[in-house]
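J.: Have a look at this one.
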Amino acid sequence: MTSRQRQLLYLLVETYIHTQTPVPSGLMAERMGLSPAMARYELIELEQAGLVTKPHASAGRIPTRQGFQTYALSLLPPNPLPQATQDQLAQVIEGAGARREVLLVQVAARLARYPAVLRIKPRRTPRLLQVHLSLLGAGQVLAVAVLEGGRVREARLEVSFSPSEAQLAEAEGLLKGRFAAEALPTPPNPALRDLFAALSRAFARGGLEEYREGMGLILSEPEAQNPAFVRQAIELFEAPKDDPLTPPGGVNLRVGEGGGFSLVQVGIGMGEVVGELTLLGPVRMRYGEALSVAHTLGRAYMRG
């Protein structure tokens, strides 16, 4: 691809991102200062390379998945937000204390105007220091655990019986100390063994936590007029993720995920915690803005 073809492709992608309509060759010629014939020739070259396509014979051209990906990759490394904004965000996130992850995903969605998902987990499975248990209903127990490092996690447990207050208190007493979730003590009371097995399963999953914000933002996209688009967006947004996390400081672009979506992902890490911040948008995503927001917030989190 020549330098002129690259410029033409990037301009076409940016125009399509903002208009969501096929881009005519005449407009490209005017903006690039080319003759109409030269613009058409270069666009045909891009079409043959699989970077753009014509949805209709008489229409202009739109980017293909490969075209969007080529454009998005050209924006790496991301441009950070202004330094004053970076400093302010770092200060706000640092001051959020135990709510820092909730605040991070809220700010990401608000600044990028795309749904945001944050996944975090400890670099190693933390030990449980203390567990508080309360009965929710028949066969259901809420477990709130204090982990090494002061983090708090909760889990809803499904058990084969409804423990009494005395049994829950007995279990809490046995769980005071430093225990790996996969190696909890064996309770002398046989009735509690099912409860301890459920605790072990719940807290030995690597400690992955997920935070979500801003699903309603996808409804403002023109693509949301298609019910199938909305259904797929909800599935991508709400489905538990088990993909490997992007390494701290890294950036991952997944263009055309599921056919009509793109994911902008940045890896984060602080102390004993690693994670990944993801912004979800249509393939016609404002990649520059999304990359800047995700990159800046990832750095702000790690500064905190």
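Using our numbering, read the sequence shown as starting at 111 and increasing by one per residue. Note that CB positions come from ideal geometry on N, CA and C, so glycine has one too. This structure is a prediction, so every number in the text was calculated from the model and none was measured.
1. Which residue comes first and which comes last in the alpha helix (DSSP H) that contains A178?
2. Enumerate, from N- to C-terminal direction, the unbroken beta strand (DSSP E) stretches of 3 or more residues contained entirely within the region 228-255.
3. Could you check where the alpha helix (DSSP H) with E282 kicks off and where it finishes?
4. Please give me, in chain order, every unbroken run of the alpha helix (DSSP H) with length at least 4 that falls completely inside the region 345-398.
5. With a 10 Å radius around its C-beta and 16 neighbouring C-beta atoms as the bar for buried, classify T129 as buried or exposed.
6. Going by the DSSP bridge assignment, what does F289 pair with across the sheet?
7. Name the DSSP bridge partner or partners of A257?
8. Beta carbon of V254, beta carbon of E264: below 8 Å?
9. When you compare the region 382-393 with the region 341-360, are there three or more beta-carbon pairs, one atom per stretch, that lie closer than 8 Å?
10. How about M148 and Q117: are their beta carbons less than 8 Å apart?
11. Let me check understanding here. Comparing Cα to Cα, which of Y397, G379, G205 and M380 lies closest to L373?
12. Is the distance from the Cβ of F313 to the Cβ of L238 below 8 Å?
13. Starting from E319, follow the beta strand (DSSP E) in both directions and report where the run begins and ends.
14. Using DSSP bridges, identify the partner residues of L267.
15. My guess is that L228 and L214 are in contact by the Cβ rule of under 8 Å, so how many angstroms apart are they, rounded?
16. Rounded to a whole number of angstroms, what is the C-alpha to C-alpha distance between L186 and Q179?
17. How about G369: is its C-beta nearer than 8 Å to some C-beta of chain C?
18. If you drop the 5 nearest sequence neighbours on each side, which residues of the same chain put their C-beta closer than 8 Å to that of T296?
19. With G160 as the anchor, note down where its alpha helix (DSSP H) starts and where it stops.
20. Look at G360 and G377 and say whether their C-beta atoms are less than 8 Å apart.
21. Just to confirm the assignment, what range does the alpha helix (DSSP H) spanning Q216 have?
22. Comparing alpha-carbon positions, which option in V340, G379 and E382 lies nearest G368?
23. Between the C-alpha atoms of L144 and L318, what's the straight-line distance to the nearest angstrom?
24. CA-CA distance, P232 and E382?
T.: To lay it out plainly:
1. At residue 178 the sequence reads Phe, which differs from the Ala that was named. Looking at the DSSP string, the run of the alpha helix (DSSP H) that includes F178 is R175 to L183.
2. Whole beta strand (DSSP E) segments, 3+ residues: 237-247.
3. Start and end: E275 to L284.
4. As for any alpha helix (DSSP H) of minimum length 4 sitting wholly inside the region 345-398, there is none.
5. Per the 10 Å Cβ criterion, exposed.
6. Its beta-bridge partners are L238.
7. With the sequence shown as reference, residue 257 is identified as Leu, and Ala is not the correct amino acid for it. DSSP lists L238 as partners of L257.
8. Yes, they are a contact pair.
9. Judged by Cβ distances under 8 Å, the region 382-393 makes contact with the region 341-360, as three or more pairs qualify.
10. Not closer than 8 Å, so no.
11. When Y397, G379, G205 and M380 are compared, the shortest CA-CA separation from L373 is found for Y397.
12. F313 places its beta carbon less than 8 Å from that of L238.
13. E319 to E323 is the extent of the beta strand (DSSP E) around E319.
14. The partner list for L267 (beta bridge, DSSP) reads V251.
15. Indeed they touch by this definition, with Cβ atoms about 6 Å apart.
16. Here the C-alpha atom of L186 lies approximately 11 Å from the C-alpha atom of Q179.
17. Of the chains in the structure shown, none is chain C; there is only one protein chain.
18. Close CB contacts of T296 within its chain, under the 8 Å cut and outside five residues either way in sequence, are with R303 and F306 (chain order).
19. It is not in any alpha helix (DSSP H) - G160 carries neither H nor E in the DSSP assignment.
20. For G360 and G377, yes; Cβs fall inside 8 Å.
21. Following the DSSP letters along the chain, one finds Q216 inside the alpha helix (DSSP H) bounded by residues R210 to A222.
22. That would be V340, whose Cα lies nearest to the Cα of G368.
23. L318 has its alpha-carbon roughly 53 Å from the corresponding atom of L144.
24. So the alpha carbons of these two residues sit roughly 6 Å apart.
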